[in-house]
Amino acid sequence: MTIRVLLADDQTLVRAAFAMLVESARDMEVVGEAGSGREAVGAAREVRPDLVVMDIRMPDLDGIEATRLIAADEELAGVRVLVLTTYDTDENIVEALRAGASGFLVKDTRPAELLDAIRTVAAGEALLSPGPTARLIERFLRSPSVPVAGGGPECLSEREREVLALVARGLNNTEIANALGLSPLTAKTHVSRIMGKLGARDRAQLVIVAYESGMVTPGSV
16 MTIRVLLADD QTLVRAAFAM LVESARDMEV VGEAGSGREA VGAAREVRPD LVVMDIRMPD
76 LDGIEATRLI AADEELAGVR VLVLTTYDTD ENIVEALRAG ASGFLVKDTR PAELLDAIRT
136 VAAGEALLSP GPTARLIERF LRSPSVPVAG GGPECLSERE REVLALVARG LNNTEIANAL
196 GLSPLTAKTH VSRIMGKLGA RDRAQLVIVA YESGMVTPGS V
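Sequential numbering of the sequence shown, starting at 16, is according to the working numbering.
Below you can see the structure in the form of structure tokens.
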């Protein structure tokens, strides 16, 4: 299956470079480009990409608001957003995750890593590197700001709480399975059930829920 990618960045040369990279992958194609957040939202509604590579700082409407509008649009429920930032300590990354982004990536990442990130997010996983995620949470996620759509962590079983804690550390399904002595399929099933119980869109929002509920505390991962 070909991953349909929309590129949103206000710098034409950056978009051109990303476009060349994405088109070089046999399993991807660029279906649209946008130079502002508002253009990104319009393009997403027009071409219905699988994934939007979204710069945070853009004119007219920034990447955070654009992400929020895309995530809130029921007709774009299958569209994932991968946000880009210049530095992994950018406080806006947390707001982007809260807005519905499925992960973040720094702009100076290696080409192969960007392609892998697109594949990861398009497959429904979250791209949350443990190091940067922990630092961001510790600095900017000290007080609740977004209510949990479903129940809180108290509605989870003991095993599900263990899985959620590992998700908050940035572990993928295979790593969670290894840590808890489960099969990858069982770990995936637990994650899906947790998302259902907590009303979370994806794993990125599970991380937000875990920290904002106080179940996982800054500096503990």
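All residues carry an ideal CB built from backbone N, CA and C; glycine is no exception.
DSSP state of residue i mapped onto helix, strand, coil
| i | result |
| --- | --- |
| residue 23 | strand |
| residue 40 | coil |
| residue 35 | helix |
| residue 167 | coil |
| residue 145 | Annotation note: pLDDT 48 at residue 145 (below 50); position unreliable, no value reported. |
| residue 162 | Unreliable positioning characterises residue 162 in this predicted model, as indicated by a pLDDT of 46, which lies under 50. The coordinate reading is nonetheless provided below. Note: residue 162 maps to coil in three-state DSSP. |
| residue 230 | coil |
| residue 29 | helix |
Residue from the options whose Cα sits closest to the Cα of residue i
| i | options | result |
| --- | --- | --- |
| residue 121 | 130, 114, 115 | 130 |
| residue 73 | 24, 133, 211 | 24 |
| residue 217 | 133, 187, 117, 174 | 117 |
| residue 196 | 185, 174, 184, 211 | 174 |
| residue 40 | 94, 127, 172 | 127 |
| residue 50 | 85, 70, 63 | 70 |
| residue 115 | 26, 200, 95 | 95 |
| residue 223 | 101, 184, 135, 67 | 184 |
| residue 219 | 78, 198, 180, 16 | 180 |
| residue 88 | 77, 36, 63 | 63 |
| residue 60 | 178, 109, 227, 91 | 91 |
| residue 100 | 125, 119, 83 | 119 |
| residue 188 | 170, 111, 138 | 138 |
| residue 68 | 133, 203, 228, 215 | 133 |
| residue 176 | 193, 206, 135 | 206 |
| residue 169 | 65, 209, 18, 36 | 209 |
| residue 32 | 42, 48, 226, 18 | 48 |
| residue 16 | 44, 36, 28 | 44 |
| residue 56 | 22, 226, 202, 123 | 22 |
Opening and closing residue of the beta strand (DSSP E) in which residue i lies
| i | result |
| --- | --- |
| residue 221 | First-last for residue 221: 218-227, but that is the alpha helix (DSSP H), not the beta strand (DSSP E). |
Residues bridged to residue i (per DSSP)
| i | result |
| --- | --- |
| residue 47 | 21 |
The alpha helix (DSSP H) enclosing residue i, as first and last residue numbers
| i | result |
| --- | --- |
| residue 188 | 188-195 |
| residue 181 | 173-183 |
| residue 208 | 199-213 |
C-beta neighbour in chain D for residue i, strict 9 Å
| i | result |
| --- | --- |
| residue 115 | Judged by its chain identifiers, the structure shown contains no chain D, having just a single protein chain. |
Residue i: CB within 8 Å of a non-hydrogen atom of the ligand NAD
| i | result |
| --- | --- |
| residue 220 | Of the ligands one can find in the structure shown there are none, so the ligand NAD has no counterpart to examine. |
task = Would you mind listing the beta strand (DSSP E) stretches within the region 54-139 that are 3+ residues and don't spill past its ends, in chain order?
result = Listed in chain order, they are 66-70, 95-100, 118-121.
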